[in-house]
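If you're matching positions, the sequence shown starts at 1153 in my numbering and goes up one per residue.
From the three backbone atoms N, C-alpha and C, an ideal C-beta is built for every residue, glycine too.
The structure displayed is predicted, hence computed values, not measured ones.
Okay, structure first, notes after.
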Amino acid sequence: MARARTVIEPRLTLRQVIVRGALYGVASVIVCAVVAVCVPGHEDRVSFLHRTGFVAVVCVVVFLLHGVGFWQGDDIRRLRDWRTAEGTLGNYAVMVPAIVRCGMLALVLAPGAFGLANLAQVLGGWIYP
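Okay, structure coming up:
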């Protein structure tokens, strides 16, 4: 007889996942600003920031809508509880928090990148190469 596997940690809440994803997003805006300063040429820098913002908007639409759509189930688990997931949607129960975190990261990164691009246009050239 197979014995039931117990869950190691308590279930995740959507609020916990959203807060952590937003913190990752703030860190990604800082990284984006550092990388933008390293890009030579003012037009290239602004283009880089606009493209980063556009990719982030696409990721928000794909990841956040997909993740929240699958969050409807009550059986959302942590990655360390991978082996305890059962059923048809068992793998989704483990991957949905990561998908929602990526969506929140992109939701914070998109306005950050567009804001940095706007700031670069207003200030002229930040640091000239």
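How far does the alpha helix (DSSP H) with Leu1201 in it extend, from its first residue to its last?
His1194 to Cys1211
Give every residue of the same chain whose Cβ lies closer than 7 Å to the Cβ of Ile1251, excluding the five residues on either side of it in the sequence, and list them in chain order.
Phe1215, His1218 and Gly1219
Please determine, among Val1274, Ala1262, Leu1257 and Leu1275, the residue with the shortest C-alpha to C-alpha distance to His1105.
With the chain running from 1153 to 1281 in the structure shown, residue 1105 is simply not present.
Could you pull the start and end residues of the alpha helix (DSSP H) that Met1214 belongs to?
Reading off the sequence, residue 1214 comes out as Val, not Met. Run containing Val1214: none; DSSP gives neither H nor E here.
Assign Val1191 to one of three DSSP states: helix, strand, or coil.
coil
From this set, Tyr1176, Pro1249 and His1194, which residue's C-alpha is nearest Leu1268's C-alpha?
His1194
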